[in-house]
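Okay, structure first, notes after.
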Amino acid sequence: MTDTYVLLQYGADAFNARFRDLEGRAAFTVSPASHNPNLIVKLSREAVWSQHHPGTMGPDAAYFYFGPSVASYASIHGAGTPTPSPGYIMYGNNRHSIPMGHMRRENREGSLSRYFTAQSGKEYKWKITPHRMELVEGRTILAVWELSVPTDEHDARLIIKHAGLSIVTEIMTTLTINRMSQALGWS
1 MTDTYVLLQY GADAFNARFR DLEGRAAFTV SPASHNPNLI VKLSREAVWS
51 QHHPGTMGPD AAYFYFGPSV ASYASIHGAG TPTPSPGYIM YGNNRHSIPM
101 GHMRRENREG SLSRYFTAQS GKEYKWKITP HRMELVEGRT ILAVWELSVP
151 TDEHDARLII KHAGLSIVTE IMTTLTINRM SQALGWS
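This is the structure in structure tokens:
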């Protein structure tokens, strides 16, 4: 059993990216599912990857249902460009929806850290900078995402500790919503 799992991210777009392990196996895919009338993005955990990691638990998919597009002045797409507003997230076939804002709560005004409560009821914190995100539970680091250097063929690297496998889809979901938030200029 390994202590860490490395996923390489291919695609810089937070709304459309693939994650592969070091053996080249597809692990997760983020892709648009619909645009009519509002944007829906699907995060899929690939079965081939899960089968190689028996400690993998939780849902195998998450859906990001965005609200209507509104003009944004903080989007990476340019001032005034219509961008999706926050909506909600649903895991797998679960009927329970979670507001996107609840998956990236700010506990102190002005803080760059964002908190979420997992389905288990435990609270986790993402420490966010433009080039790196670190997920912690208390003082324990569970995952680290970092942009790659320009000479790498992949766009970013995600390292997940073994303790994170039980919530790996929630880790990927909250990483993705934090990256989407950066891209859309949400505070």
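Counting from 1, one number per residue, gives the positions in the sequence shown under the UniProt record's numbering.
Even glycine gets a Cβ: it sits at the ideal position worked out from N, Cα and C.
Cβ-Cβ distance between residue i and residue j below 8 angstroms
i	j	result
residue 20	residue 5	no
residue 165	residue 56	yes
residue 67	residue 84	yes
residue 155	residue 12	yes
residue 113	residue 98	no
residue 141	residue 7	no
CA-to-CA distance, residue j to residue i, given in whole angstroms
i	j	result
residue 45	residue 169	7 angstroms
residue 205	residue 69	The structure shown has nothing for residue 205, since the chain only spans 1 to 187.
residue 125	residue 36	33 angstroms
residue 49	residue 103	25 angstroms
residue 16	residue 40	12 angstroms
residue 116	residue 179	15 angstroms
residue 109	residue 121	23 angstroms
residue 14	residue 32	10 angstroms
residue 34	residue 87	14 angstroms
residue 184	residue 130	13 angstroms
residue 105	residue 54	31 angstroms
residue 162	residue 3	5 angstroms
residue 111	residue 47	37 angstroms
residue 150	residue 29	22 angstroms
residue 51	residue 167	16 angstroms
residue 181	residue 96	22 angstroms
residue 119	residue 59	10 angstroms
residue 107	residue 100	15 angstroms
residue 43	residue 18	10 angstroms
Identity of the residues DSSP links to residue i by a beta bridge
i	result
residue 7	21 and 158
residue 29	18 and 44
residue 70	83
residue 62	43 and 91
residue 34	40
Is there contact between the stretch 21–34 and the stretch 130–144, where contact requires at least three CB pairs shorter than 8 angstroms?
-> no
Using 8 angstroms as the Cβ pair cut-off and three pairs as the minimum, do the stretch 58–65 and the stretch 86–99 touch?
-> yes
Where in the stretch 109–154 do unbroken runs of the alpha helix (DSSP H), each at least 4 residues long, occur, reported from the N-terminal end onward?
-> none
Taking one C-beta from the stretch 171–178 and one from the stretch 141–155 each time, how about it: are there three or more such pairs within less than 8 angstroms?
-> yes
Which runs of the alpha helix (DSSP H) fall wholly inside the stretch 83–110 and span at least 4 residues, in chain order?
-> none
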